[in-house]
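If you count by full-length UniProt numbering, then the sequence shown holds residues 1 to 222, one letter each, in order. The C-beta atom is built at its ideal place from N, Cα and C for all residues, glycine as well. Let me begin by presenting the structure, written as C-alpha coordinates, before commenting on it.
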Amino acid sequence: MVLAGIGAVAVFMSIVGYVGSVRAEIGDMISVLRLRQPVTAYEPINVQALERVQVPRRWAPTTMISNPVELQGKVAAADLQAGTHLQRGMVVAAPTLQPGEREIAIMIDAETGVAGKVRPGMHVDIYATFSEQQQQRQRTCAARVIKQALVIQVGRLQEQREGQNAGDVNRVVPITFALTAKDSLKLTYAESYAGKVRLALIGQGDTGPNKLAPVCDTPLGQ
1 MVLAGIGAVA VFMSIVGYVG SVRAEIGDMI SVLRLRQPVT AYEPINVQAL
51 ERVQVPRRWA PTTMISNPVE LQGKVAAADL QAGTHLQRGM VVAAPTLQPG
101 EREIAIMIDA ETGVAGKVRP GMHVDIYATF SEQQQQRQRT CAARVIKQAL
151 VIQVGRLQEQ REGQNAGDVN RVVPITFALT AKDSLKLTYA ESYAGKVRLA
201 LIGQGDTGPN KLAPVCDTPL GQ
(Lines of atoms letter the chains of each structure in order from A and count residues from 1; the text may use other names and numbers.)
(Lines give C-alpha, C1' and ligand atoms only; values in the text may rest on other atoms or scores of the structure.)
Protein backbone atom coordinates (compact mmCIF):
# COMPACT_ATOMS: atom_id res chain seq x y z
CA MET A 1 0.00 0.00 0.00
CA VAL A 2 2.85 2.36 0.85
CA LEU A 3 4.53 1.67 -2.49
CA ALA A 4 1.24 2.23 -4.32
CA GLY A 5 0.77 5.55 -2.53
CA ILE A 6 4.30 6.64 -3.37
CA GLY A 7 3.72 5.66 -7.02
CA ALA A 8 0.46 7.64 -7.17
CA VAL A 9 2.21 10.70 -5.73
CA ALA A 10 5.01 10.34 -8.27
CA VAL A 11 2.53 10.10 -11.16
CA PHE A 12 0.64 13.14 -9.88
CA MET A 13 3.82 15.19 -9.58
CA SER A 14 4.91 14.21 -13.08
CA ILE A 15 1.52 15.27 -14.49
CA VAL A 16 1.71 18.59 -12.65
CA GLY A 17 5.19 19.16 -13.97
CA TYR A 18 4.13 18.35 -17.55
CA VAL A 19 1.12 20.69 -17.35
CA GLY A 20 3.34 23.42 -15.96
CA SER A 21 5.87 23.01 -18.76
CA VAL A 22 3.10 23.14 -21.40
CA ARG A 23 1.67 26.31 -19.86
CA ALA A 24 5.12 27.87 -19.78
CA GLU A 25 5.59 27.03 -23.46
CA ILE A 26 2.15 28.36 -24.52
CA GLY A 27 2.27 31.48 -22.37
CA ASP A 28 -0.61 33.84 -21.63
CA MET A 29 -4.04 33.28 -23.17
CA ILE A 30 -6.25 36.00 -24.68
CA SER A 31 -9.96 36.09 -25.47
CA VAL A 32 -10.98 36.45 -29.14
CA LEU A 33 -14.19 36.13 -31.16
CA ARG A 34 -15.01 33.08 -33.27
CA LEU A 35 -17.98 32.44 -35.59
CA ARG A 36 -20.50 29.87 -34.41
CA GLN A 37 -22.24 29.85 -37.79
CA PRO A 38 -21.32 30.82 -41.38
CA VAL A 39 -21.79 34.39 -42.57
CA THR A 40 -22.17 35.31 -46.24
CA ALA A 41 -20.32 38.17 -47.89
CA TYR A 42 -21.63 41.71 -47.17
CA GLU A 43 -23.84 40.41 -44.35
CA PRO A 44 -23.70 41.99 -40.86
CA ILE A 45 -22.25 39.75 -38.14
CA ASN A 46 -24.77 39.46 -35.32
CA VAL A 47 -23.85 38.81 -31.70
CA GLN A 48 -25.78 35.50 -31.88
CA ALA A 49 -23.28 34.26 -34.48
CA LEU A 50 -20.29 34.84 -32.15
CA GLU A 51 -18.59 32.94 -29.37
CA ARG A 52 -15.65 33.92 -27.19
CA VAL A 53 -12.67 31.55 -27.07
CA GLN A 54 -9.20 31.55 -25.52
CA VAL A 55 -6.09 31.35 -27.71
CA PRO A 56 -2.37 31.68 -26.86
CA ARG A 57 -1.29 35.32 -27.06
CA ARG A 58 2.05 34.42 -28.67
CA TRP A 59 0.29 32.68 -31.59
CA ALA A 60 -2.54 35.17 -32.09
CA PRO A 61 -2.14 37.86 -34.78
CA THR A 62 -2.47 41.43 -33.57
CA THR A 63 -5.43 41.83 -35.97
CA MET A 64 -7.61 39.41 -33.97
CA ILE A 65 -10.97 40.90 -32.92
CA SER A 66 -11.79 40.52 -29.23
CA ASN A 67 -14.45 43.20 -28.75
CA PRO A 68 -17.88 42.94 -30.47
CA VAL A 69 -17.99 46.74 -30.59
CA GLU A 70 -15.48 46.57 -33.46
CA LEU A 71 -18.15 44.85 -35.58
CA GLN A 72 -20.72 47.62 -35.30
CA GLY A 73 -21.46 49.15 -38.70
CA LYS A 74 -19.38 46.45 -40.41
CA VAL A 75 -20.22 43.58 -42.77
CA ALA A 76 -18.30 40.48 -43.80
CA ALA A 77 -15.85 41.21 -46.63
CA ALA A 78 -16.24 37.65 -47.99
CA ASP A 79 -18.03 34.40 -47.18
CA LEU A 80 -16.88 33.27 -43.70
CA GLN A 81 -17.17 29.70 -42.46
CA ALA A 82 -18.23 28.59 -38.98
CA GLY A 83 -15.19 28.28 -36.71
CA THR A 84 -13.41 31.28 -38.25
CA HIS A 85 -11.44 33.41 -35.78
CA LEU A 86 -12.37 36.95 -36.73
CA GLN A 87 -9.69 39.42 -37.83
CA ARG A 88 -10.02 43.05 -38.85
CA GLY A 89 -9.33 42.35 -42.52
CA MET A 90 -12.36 40.06 -42.67
CA VAL A 91 -14.87 42.90 -42.18
CA VAL A 92 -15.49 46.16 -44.01
CA ALA A 93 -17.65 49.19 -43.36
CA ALA A 94 -21.28 48.76 -44.37
CA PRO A 95 -22.29 50.91 -47.34
CA THR A 96 -24.01 54.19 -46.43
CA LEU A 97 -25.71 56.97 -48.36
CA GLN A 98 -23.51 59.76 -49.68
CA PRO A 99 -24.61 63.42 -50.02
CA GLY A 100 -27.04 63.75 -52.94
CA GLU A 101 -27.99 60.06 -52.96
CA ARG A 102 -31.44 58.61 -52.42
CA GLU A 103 -32.44 55.26 -50.93
CA ILE A 104 -34.97 53.49 -53.15
CA ALA A 105 -36.21 49.89 -53.19
CA ILE A 106 -37.90 47.84 -55.90
CA MET A 107 -39.04 44.25 -56.29
CA ILE A 108 -36.76 42.09 -58.44
CA ASP A 109 -37.78 38.75 -59.93
CA ALA A 110 -35.91 36.07 -57.97
CA GLU A 111 -35.36 33.86 -61.04
CA THR A 112 -34.48 36.31 -63.81
CA GLY A 113 -32.92 39.10 -61.75
CA VAL A 114 -29.93 37.18 -60.28
CA ALA A 115 -31.40 38.27 -56.96
CA GLY A 116 -30.02 35.20 -55.21
CA LYS A 117 -26.46 36.35 -55.89
CA VAL A 118 -26.83 40.02 -55.07
CA ARG A 119 -25.38 41.20 -51.76
CA PRO A 120 -25.17 44.62 -50.06
CA GLY A 121 -22.10 46.53 -51.22
CA MET A 122 -22.22 45.14 -54.76
CA HIS A 123 -22.64 47.29 -57.87
CA VAL A 124 -25.04 46.15 -60.59
CA ASP A 125 -26.31 47.44 -63.93
CA ILE A 126 -30.11 47.70 -64.18
CA TYR A 127 -31.79 46.76 -67.47
CA ALA A 128 -35.44 47.14 -68.45
CA THR A 129 -37.59 45.96 -71.35
CA PHE A 130 -40.37 48.12 -72.80
CA SER A 131 -43.02 47.75 -75.48
CA GLU A 132 -43.19 50.39 -78.21
CA GLN A 133 -45.68 50.93 -81.01
CA GLN A 134 -44.19 51.05 -84.52
CA GLN A 135 -46.50 51.38 -87.53
CA GLN A 136 -49.36 49.50 -85.94
CA ARG A 137 -46.94 46.90 -84.63
CA GLN A 138 -45.91 46.40 -81.05
CA ARG A 139 -42.21 45.81 -80.60
CA THR A 140 -40.30 44.93 -77.44
CA CYS A 141 -37.09 46.79 -76.73
CA ALA A 142 -34.45 46.83 -74.00
CA ALA A 143 -32.07 49.38 -72.50
CA ARG A 144 -29.68 49.79 -69.62
CA VAL A 145 -31.41 52.38 -67.46
CA ILE A 146 -28.85 52.68 -64.64
CA LYS A 147 -25.15 51.95 -64.60
CA GLN A 148 -23.35 50.63 -61.50
CA ALA A 149 -26.16 51.01 -58.99
CA LEU A 150 -24.98 50.42 -55.41
CA VAL A 151 -26.94 47.76 -53.51
CA ILE A 152 -27.35 48.66 -49.84
CA GLN A 153 -29.91 46.10 -48.70
CA VAL A 154 -31.42 42.79 -49.88
CA GLY A 155 -34.72 41.73 -48.34
CA ARG A 156 -36.34 38.35 -47.84
CA LEU A 157 -37.84 36.28 -50.62
CA GLN A 158 -41.56 36.98 -51.06
CA GLU A 159 -44.41 35.61 -53.13
CA GLN A 160 -46.37 38.14 -55.19
CA ARG A 161 -49.73 37.23 -56.70
CA GLU A 162 -50.10 38.29 -60.35
CA GLY A 163 -53.45 36.80 -61.35
CA GLN A 164 -56.68 35.25 -60.16
CA ASN A 165 -55.48 31.65 -60.26
CA ALA A 166 -53.73 30.06 -57.29
CA GLY A 167 -50.68 29.31 -59.42
CA ASP A 168 -50.24 32.89 -60.61
CA VAL A 169 -47.54 33.67 -58.07
CA ASN A 170 -44.17 35.27 -58.73
CA ARG A 171 -41.19 35.01 -56.35
CA VAL A 172 -39.62 38.42 -55.79
CA VAL A 173 -36.97 40.00 -53.59
CA PRO A 174 -36.99 43.64 -52.41
CA ILE A 175 -33.63 45.24 -53.18
CA THR A 176 -32.64 48.69 -51.98
CA PHE A 177 -30.25 50.89 -53.95
CA ALA A 178 -28.35 54.11 -53.24
CA LEU A 179 -28.90 56.31 -56.32
CA THR A 180 -28.71 59.91 -57.40
CA ALA A 181 -32.01 61.77 -57.59
CA LYS A 182 -31.93 61.48 -61.40
CA ASP A 183 -31.32 57.73 -61.35
CA SER A 184 -33.99 57.29 -58.67
CA LEU A 185 -36.50 58.86 -61.06
CA LYS A 186 -35.35 56.57 -63.88
CA LEU A 187 -35.70 53.49 -61.71
CA THR A 188 -39.19 54.54 -60.59
CA TYR A 189 -40.23 54.99 -64.23
CA ALA A 190 -38.76 51.63 -65.22
CA GLU A 191 -40.47 49.81 -62.37
CA SER A 192 -43.83 51.36 -63.29
CA TYR A 193 -43.77 50.97 -67.08
CA ALA A 194 -41.21 48.30 -67.97
CA GLY A 195 -42.32 44.76 -68.70
CA LYS A 196 -39.28 43.38 -66.87
CA VAL A 197 -36.52 44.89 -64.75
CA ARG A 198 -33.32 42.86 -64.52
CA LEU A 199 -30.04 43.18 -62.68
CA ALA A 200 -26.66 42.43 -64.23
CA LEU A 201 -23.77 41.59 -61.93
CA ILE A 202 -20.53 43.43 -62.67
CA GLY A 203 -17.19 41.64 -62.60
CA GLN A 204 -14.66 42.85 -60.04
CA GLY A 205 -12.72 45.80 -61.43
CA ASP A 206 -14.94 46.01 -64.53
CA THR A 207 -16.40 49.48 -65.04
CA GLY A 208 -18.07 48.60 -68.36
CA PRO A 209 -18.76 51.00 -71.23
CA ASN A 210 -19.87 54.50 -70.30
CA LYS A 211 -22.89 54.28 -72.60
CA LEU A 212 -24.79 51.48 -74.29
CA ALA A 213 -27.02 52.11 -77.29
CA PRO A 214 -30.54 50.87 -76.43
CA VAL A 215 -32.07 48.19 -78.61
CA CYS A 216 -34.93 50.58 -79.32
CA ASP A 217 -35.78 54.22 -78.80
CA THR A 218 -36.25 54.98 -75.09
CA PRO A 219 -35.29 58.07 -73.10
CA LEU A 220 -33.83 55.94 -70.31
CA GLY A 221 -31.00 54.34 -72.29
CA GLN A 222 -27.49 54.68 -70.83
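Check	Outcome
I'd like to know whether the C-beta atoms of residue 119 and residue 41 end up nearer to each other than 9 angstroms.	yes
What's the C-alpha gap between residue 90 and residue 77?	5 angstroms
With H, G and I counted as helix, E and B as strand and the rest as coil, what does DSSP make of residue 184?	helix
Mind checking which residues open and close the beta strand (DSSP E) that includes residue 107?	101 to 109
Pull up the CB-CB distance for residue 145 and residue 200, whole angstroms please, since I reckon it's below 8 angstroms.	At roughly 11 angstroms, the Cβ-Cβ gap does not stay under 8 angstroms, so residue 145 and residue 200 are not in contact.
Can you tell me where the beta strand (DSSP E) with residue 43 in it begins and where it stops?	Run containing residue 43: none; DSSP gives neither H nor E here.
The beta strand (DSSP E) with residue 34 in it runs from where to where?	29 to 35
So what's residue 120 in DSSP terms, helix, strand or just coil?	coil
If the criterion is Cβ atoms closer than 9 angstroms, does the pair residue 126 and residue 185 meet it?	no
Below 6 angstroms CB to CB, which residues in the same chain sit around residue 86 once its five sequence neighbours on both sides are set aside?	33 and 65
How about residue 31 and residue 52: are their beta carbons less than 9 angstroms apart?	yes
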